[in-house]
Amino acid sequence: MYLVDGTSKPELRAVVAQTLVTTVRIASGTGNLSSHLQDLVGAVYLGMHDPEKDIAKKMTDVWEDVFALQGGKRANFSEIQKTISEGLQSPSWFRKAQAAAALVAFCQGTHPSKRALVENSLAEVLELVPGRTWEGKDTLYAALSKLVLALHSMQEPRPSLRQMKYGAQVLETLVQESERRKPTYRLKAVTALAELTKAVVLEPCDVSIVIKGLLPALFFDKSSYKTDEESDGKTLPVLLLVSTQAWTTLQNMFTTSPSTASEVPTDELLQKLAANFPTFVWTVKAAAARFVKALAKCTPPSAVDDQVLAVLVKDACDSKYPAVQEQVWAAIKEVVFKNRSNDDFLATAKASLQQLLPLDLLRQRVSEFLASL
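Structure, rendered in structure tokens:
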């Protein structure tokens, strides 16, 4: 039963894993195992990606003792692919999640000649995402991102996300999933977006889709959030992580896709950022400051105005966190440097930067920067 459908009960999977380890080792010594290898290889490969570390370790031992010596993934490609595909279509939610995790490892490092297979696998995962939430569904988000990255690495020259088969669909799906009611699922979806945007270039239309879709996460209002007593205080930290990852996603887009991202209007986003920045918790502030730096670096000088600069300077003065001061200073420096040819802006900036001189952490750097202007 486990070899066909799996089981969501970890104690049963542990028994199966231990039995399999013992059986394989005994059979290996008698030479009676070879006729059953094809029946076992797919289940063992899935087992290596079990969420329980002890079970995954036992299955990994079986893999290394037997299948790694028999050619590993390459020699058993078809059997493993078949088992993973069946797992994705299994009525068991646990098996679906386990198959998705195994699929990621299976496709990574795959030869470009197998590109169509990876594309088909991506289509299979995309079909599983819409609809109801089920336990383990969040593993699909990482699978989508990593499968796209695997496909991206197979192609020369490297395509933009929209130029890739299913690329735009993956992006839109992850943005939609970032609005899920369950905070942990939102976090996994936004984390997958951050990973994707760090490596793959986006077209202007896709940059706009991401910004619009992540607005609720970007400007999550902690003060309006009422702690859910049933969550044991765990929900709020997750929502703050979602916000941090959302700003990281924007930073990644303007770093990885500077020429295309710079075409997207950001005036309203920056106005809202200036109004809300003082209310952010320190981790979100640091991430938002990194975004401002990336934005200033790739956009025209006037894109980030003196209003945003004033907010950043004030926050650097008020912050008690060195990590925030470091990131905010990096953003301030980039904004001022980009606008140094604007005499009016520069005069205002120099006056604002004087406020930073009393800060021990920044005093020397601010003095040296002012002297260089």
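Read in our numbering, the sequence shown has 194 at position 170, and its numbers run on one by one without any break. Note that CB positions come from ideal geometry on N, CA and C, so glycine has one too. Here the structure is a predicted model, which means the values were calculated and not measured.
At a Cβ-Cβ threshold of 8 Å, L383 and Q349 count as neighbours.
Under the 10 Å beta carbon count, W87 is surrounded by 16 or more other beta carbons and is classified as buried. Secondary structure of H176 (DSSP, three-state): helix.
E292 is classed as exposed because its beta carbon has fewer than 16 other beta carbons within 10 Å across all chains shown.
Per the C-alpha coordinates, the member of W158, L385, N300 and T372 positioned closest to A354 is L385. Look at K374 here: in three-state DSSP terms it is helix. Scanning its chain for C-beta atoms nearer than 7 Å, with the 5 sequence neighbours on each side dropped, one finds around V308 the residues L264, S267, T268 and W271, in chain order. In the structure shown, the three-state DSSP call for V305 is coil. Of the other Cβ atoms in all chains shown, fewer than 16 fall within 10 Å of the Cβ of I50; this residue is therefore exposed.
When G95, L211, K317 and D162 are compared, the shortest CA-CA separation from L260 is found for L211. Rounded to the nearest whole angstrom, the CA to CA distance from L171 to D367 is 49 Å. Its Cα nearest to that of A67, the residue E103 stands out among E103, M277, S137 and R156. DSSP places M83 in the uninterrupted alpha helix (DSSP H) bounded by K77 to V86.
In this structure, DSSP gives R205 a state outside helix and strand, which the three-state scheme calls coil. Taking the Cα positions, S286 is about 19 Å away from R364. DSSP places N100 outside both helix and strand once states are collapsed to three, so it counts as coil. The shortest CA-to-CA distance from V40 to any of G71, S177, Q105 and R389 is the one to G71. For W117, the enclosing alpha helix (DSSP H) starts and ends at W117 to C131.
Counting other Cβ atoms within 10 Å of its Cβ, A218 reaches 16 or more and is therefore classed as buried. The distance from the Cβ of L319 to that of T290 is about 6 Å, consistent with a contact at the 8 Å cut-off. Straight through space, the alpha carbons of E392 and E358 are spaced by roughly 14 Å.
Secondary structure note for Q331: its alpha helix (DSSP H) is the uninterrupted segment D330 to D342. Contact between D330 and T372 holds, with the beta-carbon distance rounding to 5 Å and staying under 8 Å.
Its chain contains A41, V68, G71, M72 and D74 as the residues whose beta carbon lies nearer than 7 Å to that of M83, once the 5 sequence neighbours on both sides are disregarded; these appear in chain order. The straight-line gap separating the alpha-carbon atoms of T46 and A166 is approximately 33 Å.
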